[in-house]
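Taken in order, the sequence shown gives residues 17 to 221; the numbers are from my numbering. Reading through the structure tokens given below for one structure.
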Amino acid sequence: MKLFIFDMGGVVTTNAGEVRGLAAKALGVSQEEMDKAVAEPIGGDGQKPPRQNLFGQLTTGEITTKEFWNAVGGRLGKKIETDCFHLFFHPVLNEGTKKIILSLRKKGFRVVCGTNTIESHYLNHMTRGDYAIFDQTYASQLMGAKKPDPLFWKLILDAENCPAEKAFFTDDLEENVKAAASLGIRAFQFTDARKLKRDIAEFLK
């Protein structure tokens, strides 16, 4: 068998990096203030503090969306009742990538999504039907692990019963590509659909 694992933001849809800036503007704070508000984690037992920042905790499902905005609001001195990350998330589908995914599935290959995401964006994608082009979606906030943690790919490979050397992975971020490759996965950095076609051809040789 051969398994294809695709990142979502920056590969299948446009990256949502501008959402945090739009949220900051809506809340009447600077980008710097917003970035600082999501930097410090919450929780921990005092002896073993959380390993990641507040946004990282949201990305792995360690905290809920409500807990996240309560923490951000407390740090900014504001009462935040709107999930700004859902409100301002309007990704655009990469039709070239979508076409490649559908073509692979038509040929009988197993194609899944492996994405670092948060509940707000996951629900948005679900509403839009963006994940429907995949056989399965593996989302960090449901898995409890995010890229570039090797556990992220190990969970997917175990779930798919696929050895690393039989798996193809593409992501727009170099650090994630390198992490996947370190496990023996055939990993390629995404730039555009034309390069993706070449990378897939190389994998299928």
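Positions of the beta carbon are idealized from the N, C-alpha and C atoms, including for glycine. Predicted model only: the values in this text are computed from it and were never measured.
| Check | Outcome |
| --- | --- |
| Extent of the continuous alpha helix (DSSP H) to which C100 belongs | 100–103 |
| Cut-off 7 Å between Cβ atoms - residues of its own chain near L212, not counting five sequence neighbours on either side | T113, I116, T186, F206 |
| Short Cβ contact (8 Å threshold) for G130 with Y147 | no |
| Backbone secondary structure at L158 - three-state DSSP | helix |
| Closest by C-alpha distance to P164, when choosing among V128, L92, T76 | T76 |
| Coarse secondary structure for T75, derived from DSSP in three states | helix |
| Pick from Q73, R126, T133, P57 that is closest to T29, judged by C-alpha positions | T133 |
| Local Cβ density within 10 Å of R210, reported as buried at 16 or more and exposed below that | exposed |
| Where S119 falls, given that 16 or more other Cβ within 10 Å makes a residue buried | exposed |
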